[in-house]
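*Asks:* The structure that follows is given in the form of structure tokens.
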Amino acid sequence: MAKRVFSMDSTKHNDIVRHASVMADQPSLVVDDFAQLLFPKTDVVFNDRMLSNARQYLRNIIGKIETQICSIATQELGVEQEAILAIGQGGEGRSFQLLENSTLLKTAEIVQHIFVKTQQSELSARLLQKISQEDLESTLTRHLDHNDPIVADAAMGLLVAQSKGTGATGEMSDDFSDLPPEIAYALAWPVTAALARLTGQSGSQLQQATERLLAAHDESAGVARKAERLAQLLDQSDSDKNDIPHPMRDGLSLFLARLARQSGTTSDQIIAFTAEPNMPRLVVLMRAADFPAAEAVSIFAALDGNGDILTAATYGETDRDQSLALVSHWTSPVAYQNAERVLANDILGDLGK
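My numbering puts the first residue of the sequence shown at 1, with every later residue one more than the last.
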């Protein structure tokens, strides 16, 4: 597991006493952490690389939000506080250190978002083990010569969005535009509160800066929305609509968008399916979409990272009617699915009384 570096800086001579006091108040939390490792509730395995990437992603995105808030505060609102000026000019922020042990970053929606981003990075890394970077990039460039200029423009838009968000395929995008609005909101306000506490700056001015940042947030400029737009256009194109989506022919983002469009699920759901051992929900999704066995086996092999194998026989034996029923359930609103789950558990509990 990743090691935590303990600061012994002479200017922080009270760190040992402070940390000792904190740990003395957290014995049950230590046991909880250990219990989660000993007795996981699912079969999904989170390796050290995923945990490290997730933590780094969260640190980076909070740093970018912090910088943008401070930049707006100084450049548009006239704030001249030294610490705010330094952070707005790219100096090292401190919000992450204050927020990391709080409950503010541990909400279900934030953790779900981080999990999806981390698993998507895993999928990109898996693809690069099976196809070259050059060939993977060509999956989009081939659309630049599409006979429909609207499709070509959409492909260029996706290429530009991907180049802004990551340094290379496989790296996690920490571009602010890639955040769904609800996640941008859920992260920006805790960062604002942390900045106010750390710098002593007027909370009202920082709040104004955050409101401007969120008002200017354009989700349509992110990779996911650009991929959805291209997937829609390809689906409407006579020459492309019957193509089976494939990560090695489409690239990961477009593949996810095309499969989501065909199945009625979301890209985030599909990414989560690929984290499961043997990826059974991905198989059910492909079976419900009536993918040919050869294509399904090839897609499974491209996305698998555990050496698992899907055979044509196993795929063919998967009941399509049952698969369609399951996928129909998965496309229901999440709140509805959660309510069904709770009601089912309540009924089972009542029967046991």
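Glycine residues also receive a C-beta, built at the ideal position from the N, C-alpha and C atoms. Remember, it's a predicted structure, so these values are computed and weren't measured experimentally.
Please list the segments of the alpha helix (DSSP H) lying wholly inside the region 81-129, counting only runs of 4 or more residues, in order along the chain.
*Replies:* Complete alpha helix (DSSP H) runs here, min 4: 82-88, 95-99, 108-128.
*Asks:* Using CA coordinates, which residue listed in 267, 265, 276, 254 is at the minimum distance from residue 136?
*Replies:* As a first step, residue 136 must be located in the sequence shown, where it is residue number 136. Per the Cα distances, 254.
*Asks:* Using 7 Å as the limit for Cβ to Cβ distance, is residue 194 near chain D?
*Replies:* The structure shown contains no chain D; it holds only a single protein chain.
*Asks:* In chain order, what residues of the same chain have a beta carbon less than 8 Å from the beta carbon of residue 232, not counting five sequence neighbours either side?
*Replies:* Here the question's residue 232 lines up with position 232 in the sequence shown. Contacts found: 261.
*Asks:* Judging by CA-CA distance, which residue of 153, 299, 175 is the nearest neighbour of residue 270?
*Replies:* Residue numbering aside, residue 270 sits at position 270 when the sequence shown is read from its first letter. Residue 270 has its Cα closest to that of 299, out of 153, 299, 175.
*Asks:* How is residue 333 classed by DSSP in three states: helix, strand or coil?
*Replies:* Here residue 333 corresponds to residue number 333 of the sequence shown, with the count starting at 1. Coil at residue 333, not helix or strand.
*Asks:* Determine the burial state of residue 311: buried for a count of at least 16 other Cβ atoms within 10 Å of its Cβ, exposed for fewer.
*Replies:* Sequence index remark: in the sequence shown, residue 311 carries index 311 (1-based). Its Cβ having fewer than 16 others within 10 Å, residue 311 is exposed.
*Asks:* Taking the alpha-carbon positions, what's the residue 87 to residue 54 distance?
*Replies:* On the sequence shown, position 87 is the one that residue 87 refers to. On the sequence shown, position 54 is the one that residue 54 refers to. Going from the Cα of residue 87 to the Cα of residue 54 covers about 23 Å.
*Asks:* Whole angstroms are fine: how far does the CA of residue 138 sit from the CA of residue 66?
*Replies:* Counted from its first residue, the sequence shown places residue 66 at position 66. Counted from its first residue, the sequence shown places residue 138 at position 138. Approximately 35 Å between the Cα atoms of the pair.
*Asks:* Measure the beta-carbon distance from residue 263 to residue 285 and round it to whole angstroms, keeping in mind my assumption that it falls under 8 Å.
*Replies:* The residue given as residue 263 occupies position 263 in the sequence shown. The residue given as residue 285 occupies position 285 in the sequence shown. Contact holds; Cβ gap of about 5 Å.
*Asks:* Rounded to a whole number of angstroms, what is the C-alpha to C-alpha distance between residue 169 and residue 341?
*Replies:* Translated into the one-based positions of the sequence shown, residue 169 becomes position 169. Translated into the one-based positions of the sequence shown, residue 341 becomes position 341. For residue 169, the pLDDT reaches just 45, beneath the cut-off of 50, and the residue's location in the model is therefore unreliable, although a value from the coordinates is still provided. Their Cα atoms are separated by approximately 38 Å.
*Asks:* Which residues in the same chain have their Cβ closer than 7 Å to the Cβ of residue 291, if we skip the five residues on either side of it in sequence?
*Replies:* Locating residue 291 in the sequence shown gives position 291, where the first residue counts as 1. Counting only Cβ-Cβ distances below 7 Å, and skipping sequence neighbours, we find 244.
*Asks:* Identify the continuous alpha helix (DSSP H) that holds residue 187 and give its terminal residues.
*Replies:* Walking along the sequence shown from the start, residue 187 turns up at place 187. Residues 181-199.
*Asks:* Could you tell me which of 251, 52, 208, 77 sits nearest to residue 128, measuring between CA atoms?
*Replies:* Your numbering for residue 128 matches position 128 in the sequence shown. Looking at the Cα atoms, 251 is the closest of the given residues.
*Asks:* So, at 7 Å on beta carbons, what are the nonlocal neighbours of residue 225 in its own chain, with the 5 sequence-adjacent residues on each side left out?
*Replies:* As a working mapping, residue 225 is identified with position 225 in the sequence shown. Closer than 7 Å at the Cβ level, and outside the excluded window around residue 225, lie 219.
*Asks:* Should residue 143 be listed as close to the ligand NAD, given that the test is whether its C-beta is under 6 Å from any heavy atom?
*Replies:* This structure does not include the ligand NAD; it has no bound ligands of any sort.
*Asks:* Hey, out of 197, 195, 336, 61, whose CA is closest to residue 172's CA?
*Replies:* As a first step, residue 172 is located in the sequence shown; it is residue number 172 there, counting from the start. Nearest of 197, 195, 336, 61 to residue 172, Cα basis: 61.
*Asks:* Inspect the beta-carbon positions of residue 296 and residue 315 and report whether they are closer than 7 Å.
*Replies:* Here residue 296 is taken as the residue at index 296 of the sequence shown, counted from 1. Here residue 315 is taken as the residue at index 315 of the sequence shown, counted from 1. Yes, they are a contact pair.
*Asks:* If I follow the unbroken alpha helix (DSSP H) through residue 64, where does it start and stop?
*Replies:* Residue mapping note: residue 64 aligns to position 64 of the sequence shown, counting from 1. Note, residue 64: alpha helix (DSSP H), 48-75.
*Asks:* Please classify residue 308: is it buried, with 16 or more other beta-carbons within 10 angstroms of its beta-carbon, or exposed?
*Replies:* If you number the sequence shown from 1, residue 308 lands on position 308. Label assigned to residue 308: exposed.
*Asks:* What span of residues does the alpha helix (DSSP H) with residue 279 cover, start to end?
*Replies:* Numbered from its first residue, the sequence shown carries residue 279 at position 279. Per DSSP, residue 279 belongs to no alpha helix (DSSP H) and is neither H nor E.
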